[in-house]
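Heads up, the sequence shown is in the UniProt record's numbering, so the first residue is 121 and it goes up one at a time.
Just so it is clear, CB atoms sit at the ideal spot from N, CA and C, and this is done for glycine as well.
Given the structure is predicted, the values throughout are model-derived calculations rather than measurements.
Structure first, then comments.
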Amino acid sequence: GVHAVRLESGTVRPPGPVALVLQDITEARRVEAVRRDFVANVGHELKTPVGALTLLAEAIEGAADDPEAVQRFAGRIAVEADRLARLVRELIDLSRLQGGEPLPELVPVEVDRVLGEAVDRTRTAARAKQLEIVLGGQPGLVVRGVESQLVTAVTNLLANAVAYSTGNSRVAVGARARSGFAEIAVTDSGIGIPRADRHRVFERFYRVDQSRASSTGGTGLGLAIVKHVASNHGGSVAVWSEEGLGSTFTLRIPLAGAGAPPVAGPPAVP
Ligand code: ADP
């Protein structure tokens with residue numbers, strides 16, 4: 121509640137509200153700095169594909185009488201346009217997840233469906249690298265969530281597992297119930313993540329190795345999206361990794377119904 125404060129001559133203004141105002145300004149500055157950073161990053165990320173498209177357009181003009189070269193440049197234009205489309209799509213996903221829009225109602229979602237859909241979406245990329253995606257774990261789990269967001273999150277984890285694996289290996293995905301949560305684990309035996317980078321990979325635009333990531337077409341947004349999905353669901357995401365051995369990303373989402381963790385908020389009226 122708000123208390124009326126009477127300031128009489130001789131009274132000393134309590135320091136509380138002033139400190140609070142200062143804190144608010146500091147927080148506002150921090151938010152503003154984050155926003156500026158974000159815009160600068162987006163600009164930087166857009167520059168690469170846009171620059172490539174400009175160069176390719178010029179190259180195609182100069183190669184008008186060489187059909188083979190035209191074909192090659194056209195292929196690269198498609199790749200760059202794809203990358204641009206993915207970046208824009210992920211930026212939109214991220215801005216939606218970060219708030220602004222209210223979270224859709226959490227409803228019971230079958231984990232098997234989420235995993236199946238995510239595997240379907242990554243199968244082509246896996247096949248291209250001769251990787252096998254193995255679907256396992258405990259069937260029949262039901263979480264409380266937004267299916268489309270969960271599919272996006274697991275797809276991002278699987279896409280990374282594929283992108284950062286070397287050929288002829290396996291990627292495993294599965295879920296199990298554990299203390300009120302479904303733990304969805306995606307495991308690869310790929311290149312792994314150096315210890316120093318491990319806690320930063322969930323930051324927007326953070327990539328362990330710029331040159332390596334740009335060859336895989338990564339945007340640096342995939343894991344930031346996963347993190348937001350996890351927190352929107354009252355869950356979490358964690359990584360275990362060892363350089364040269366591989367990585368496991370674990371997404372924890374509250375189970376629906378029996379065995380579910382208590383819901384935050386006011387207690388239900390009986
Ligand atoms: P990107 O689009 O670059 O993959 P992400 O946010 O999904 O962006 O991942 C951030 C960075 O974390 C990646 O650039 C990569 O360096 C590292 N990373 C993510 N997943 C894996 C993985 N399964 N194995 C090794 N490195 C990974």
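Asked                                                                                                  : Found
Through-space distance from V141 to S289, alpha-carbon basis                                           : 56 Å
Stretch pair the region 234 to 246 + the region 194 to 206: three plus CB contacts closer than 8 Å     : no
Length at least 3, wholly inside the region 212 to 286: the beta strand (DSSP E) runs in chain order   : 227 to 230, 252 to 257 and 262 to 265
Where I345 falls: helix, strand or coil (DSSP)                                                         : helix
Residues bridged to D308 [DSSP beta-bridge criterion]                                                  : V291 and S367
Limits of the unbroken alpha helix (DSSP H) element including V357                                     : No alpha helix (DSSP H) holds V357; the beta strand (DSSP E) holding it covers S356 to E362.
Start-to-end residues for the alpha helix (DSSP H) that takes in I313                                  : Counting along the chain, I313 falls outside any alpha helix (DSSP H), and DSSP gives it neither H nor E.
L343 beta carbon near the ligand ADP (any heavy atom closer than 7 Å)                                  : yes
Uninterrupted alpha helix (DSSP H) stretches inside the region 135 to 171 (no shorter than 4 residues) : none
F193, DSSP secondary structure in three states                                                         : helix
Through-space distance from S299 to G163, alpha-carbon basis                                           : 43 Å
Coarse secondary structure for R296, derived from DSSP in three states                                 : strand
Burial state of A215, where buried means 16 or more other Cβ atoms lie within 10 Å                     : Note that residue 215 corresponds to Ser in the displayed sequence, not to Ala. Classification of S215: exposed, given that the 10 Å Cβ count is below 16.
Contact the region 312 to 325 vs the region 245 to 254: 3+ CB pairs below 8 Å                          : no
Assigned exposure category for R150 - 16 Cβ within 10 Å defines buried                                 : exposed
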